[in-house]
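Anchor point for the sequence shown: position 258 equals 258 in our numbering, and the numbering is continuous, going up by one each time.
For glycine and all other residues, C-beta sits at the position ideal for the given N, C-alpha and C.
These notes are about the structure you will find just below.
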Amino acid sequence: MTVKILTSLSLAGAACLGAGAAHALPVDRFQGFQTGAACDVAQTGTLSMGLDVFGSFGSATDIRQDARYNPPDDQPDRGAAGTVYESMPFLCRSQGGRASGAWLEYGDQRAVAVQADGDGDSLSSEYVINGVRVNMEAAFECDLLTQCWTFTNETGALLDELAIIHYVDGDLFFEGNFSNDFAASSLGVPRTIYEFDTGDDPQEPTTQLALFGTDPEDAYLTGWEVGEYSESRARIANTANGCAPLRNGITRRAGNNSDGDGDRVTDSGYDVTLSLRFDVGPLAPDEMSPAVCYSLRWGYALACSDEDEDGVCVPEDNCPAVANADQADR
């Protein structure tokens, strides 16, 4: 059996953002993507999905575009199945002591004017929400979706805080249902958080999602969490006390730790969610933010935290961020 271990070190494809959609056409609601003929499907599997012009997708979003994935070499072969209930960015801003935010999703923002162009493996869009001009560049390659963002302050005053929180409620339907998925986190940077179809057995490969920033230093990452639907979604969207921080842990609905044995994997299955937060403020009037990029990768891999791809899982790995399959000191 061929098992591909997914980690934040696997950034192939991110560099193709903005690589020239020479035949891009206007996009109305969403751009469809699917694994191309040039991909090594024995390693990547096959994926078909759609991304809306604001940056969201999933079976519960307005465009009703799940990401249907057929993993490579899974035994027994179960074919393609849905994987994502909601994958949505939340843009939060704070100005003069007051915070507000918006889900960047077609159903929530259908009244917003948007200019979007796309082709078979890219989508570019531009729009203004709450005085912030948003530019998104998305690229799709084989089993990897990368989204890059810049934000320009057009409010006419200082934005004290500006954050984008990417939230994923993945529902993996290969084993069981949405209520019994597992999750995990890497130890080092860039921070990678995973959702597994099954676990907590590091010897058994399983279908999974991996969410990570593409900056190897996580320069703008200010928070992460494994949470539980729908508590995490509601907490992220609540701006009554400012832009909500993430928990920086592997947690359940009430905030309690769900990794009691310390292997960086949830001890039981539940309706897990994944979130990363990136901050790019403060921004002066008319100032553009630096670019923030993150990726979501699908795969079939070991259900453990193994960011260095040496096949040794935390906590057994004596150098979690340095590949040393023989476990010799480095």
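Roughly how many whole angstroms lie between the Cα atoms of residue i and residue j?
{"i": "Ala-303", "j": "Val-314", "result": "11 Å"}
{"i": "Glu-126", "j": "Thr-150", "result": "10 Å"}
{"i": "Gly-281", "j": "Arg-98", "result": "15 Å"}
{"i": "Ser-56", "j": "Ala-102", "result": "12 Å"}
{"i": "Lys-4", "j": "Asp-306", "result": "Its pLDDT being 40, under 50, Lys-4 is placed unreliably in this model, and the value from its coordinates should be taken loosely. Cα-Cα distance, rounded: 11 Å."}
{"i": "Ala-288", "j": "Asn-153", "result": "It should be noted that the sequence gives Met, not Ala, for residue 288. Whole-angstrom Cα-Cα distance: 7 Å."}
{"i": "Pro-216", "j": "Arg-64", "result": "33 Å"}
{"i": "Ala-321", "j": "Glu-195", "result": "20 Å"}
{"i": "Leu-104", "j": "Asp-73", "result": "35 Å"}
{"i": "Ala-284", "j": "Arg-78", "result": "52 Å"}
{"i": "Thr-222", "j": "Pro-190", "result": "12 Å"}
{"i": "Phe-173", "j": "Gly-242", "result": "36 Å"}
{"i": "Ser-124", "j": "Val-53", "result": "8 Å"}
{"i": "Gly-107", "j": "Arg-29", "result": "10 Å"}
{"i": "Gln-327", "j": "Tyr-300", "result": "24 Å"}
{"i": "Gln-109", "j": "Asn-238", "result": "17 Å"}
{"i": "Gln-34", "j": "Thr-146", "result": "14 Å"}
{"i": "Ala-210", "j": "Thr-44", "result": "13 Å"}
{"i": "Thr-46", "j": "Gly-156", "result": "46 Å"}
Closest by CA to residue i, which one among the options?
{"i": "Thr-206", "options": "Leu-274, Leu-51, Trp-298, Ile-165", "result": "Trp-298"}
{"i": "Leu-246", "options": "Ala-163, Thr-146, Leu-123", "result": "Ala-163"}
{"i": "Asn-130", "options": "Asp-160, Leu-91, Phe-173", "result": "Leu-91"}
{"i": "Asn-180", "options": "Arg-252, Cys-39, Glu-217", "result": "Arg-252"}
{"i": "Gly-36", "options": "Thr-222, Tyr-167, Cys-142, Val-322", "result": "Cys-142"}
{"i": "Ser-258", "options": "Gly-227, Arg-235, Ala-42, Asp-160", "result": "Gly-227"}
{"i": "Thr-61", "options": "Tyr-85, Thr-46, Pro-72", "result": "Tyr-85"}
{"i": "Ser-295", "options": "Pro-89, Asn-241, Asp-271", "result": "Pro-89"}
{"i": "Ser-275", "options": "Asp-263, Asn-248, Asp-52, Asp-261", "result": "Asn-248"}
{"i": "Asp-317", "options": "Leu-187, Ala-254, Asp-197, Asp-279", "result": "Leu-187"}
{"i": "Arg-277", "options": "Thr-192, Ala-80, Ser-268", "result": "Thr-192"}
{"i": "Ile-250", "options": "Ser-100, Ala-184, Thr-214, Arg-233", "result": "Ala-184"}
{"i": "Cys-39", "options": "Asn-238, Phe-178, Ala-219, Leu-144", "result": "Leu-144"}
{"i": "Glu-225", "options": "Ala-323, His-166, Gln-109, Ala-42", "result": "His-166"}
{"i": "Glu-161", "options": "Gln-95, Asn-256, Ser-232", "result": "Gln-95"}
{"i": "Ser-59", "options": "Val-168, Cys-319, Asp-121", "result": "Val-168"}
{"i": "Ala-42", "options": "Asn-70, Asp-171, Ser-232", "result": "Asn-70"}
{"i": "Leu-158", "options": "Asp-171, Phe-178, Val-132", "result": "Val-132"}
{"i": "Thr-214", "options": "Ala-323, Ala-291, Asp-308, Thr-83", "result": "Ala-291"}
What does the Cβ neighbour count give for residue i, buried or exposed, with the cut at 16 atoms within 10 Å?
{"i": "Gln-115", "result": "exposed"}
{"i": "Glu-137", "result": "buried"}
{"i": "Val-265", "result": "buried"}
{"i": "Glu-331", "result": "It is not possible to answer for residue 331, since the shown part of the chain is limited to 1 through 330."}
{"i": "Gly-50", "result": "buried"}
{"i": "Ala-67", "result": "buried"}
{"i": "Ala-325", "result": "exposed"}
{"i": "Ala-111", "result": "exposed"}
{"i": "Ala-113", "result": "exposed"}
{"i": "Gln-75", "result": "exposed"}
{"i": "Gln-271", "result": "Sequence check: residue 271 is Asp here, not Gln. So Asp-271 ends up on the buried side."}
{"i": "His-23", "result": "exposed"}
{"i": "Ala-240", "result": "exposed"}
{"i": "Val-312", "result": "buried"}
{"i": "Ala-139", "result": "buried"}
{"i": "Leu-25", "result": "exposed"}
{"i": "Val-27", "result": "buried"}
{"i": "Ser-268", "result": "exposed"}
{"i": "Gly-118", "result": "buried"}
{"i": "Asp-286", "result": "exposed"}
{"i": "Val-128", "result": "exposed"}
{"i": "Gly-120", "result": "exposed"}
{"i": "Ser-230", "result": "exposed"}
Sort out for me which residues DSSP pairs residue i with in a bridge.
{"i": "Arg-98", "result": "Gln-95"}
{"i": "Tyr-220", "result": "Per DSSP, none; premise fails for Tyr-220."}
{"i": "Leu-296", "result": "Leu-145, Leu-211"}
{"i": "Pro-245", "result": "Paired residue(s): none; Pro-245 is not in a bridge."}
{"i": "Tyr-127", "result": "Val-114, Val-134"}
{"i": "Thr-273", "result": "Gly-227"}
{"i": "Ile-250", "result": "Val-226"}
{"i": "Asn-257", "result": "Thr-251"}
{"i": "Arg-264", "result": "BP columns for Arg-264 are empty, so no partner."}
{"i": "Pro-89", "result": "His-166"}
{"i": "Asn-318", "result": "The partner list for Asn-318 (beta bridge, DSSP) is empty, contrary to what the question assumes."}
{"i": "Gly-82", "result": "Arg-68"}
{"i": "Ala-301", "result": "Thr-206"}
{"i": "Leu-283", "result": "Leu-159"}
{"i": "Ser-122", "result": "Asp-119, Ala-139"}
{"i": "Pro-26", "result": "Asp-117"}
{"i": "Ala-240", "result": "Gly-242"}
Kindly indicate if chain C contains any beta-carbon less than 8 Å away from that of residue i.
{"i": "Ile-164", "result": "The chain labelled as chain C is not found in the depicted structure, where only one protein chain is given."}
Is it the case that the CB of residue i approaches a heavy atom of the ligand HEM more closely than 7 Å?
{"i": "Glu-217", "result": "Judged by which ligands are present, the structure shown has none, so any question about the ligand HEM falls away."}
Beta strand (DSSP E) runs wholly inside the region 130-213, at least 3 long, in chain order: Runs of the beta strand (DSSP E) lying entirely within the region 130-213, each at least 3 residues long, are 132-141, 144-153, 161-170, 182-185, 192-196, 205-213 in chain order.
My parser needs the beta strand (DSSP E) runs of 3 or more residues fully inside the region 31-61; what are they? Runs found: 46-52.
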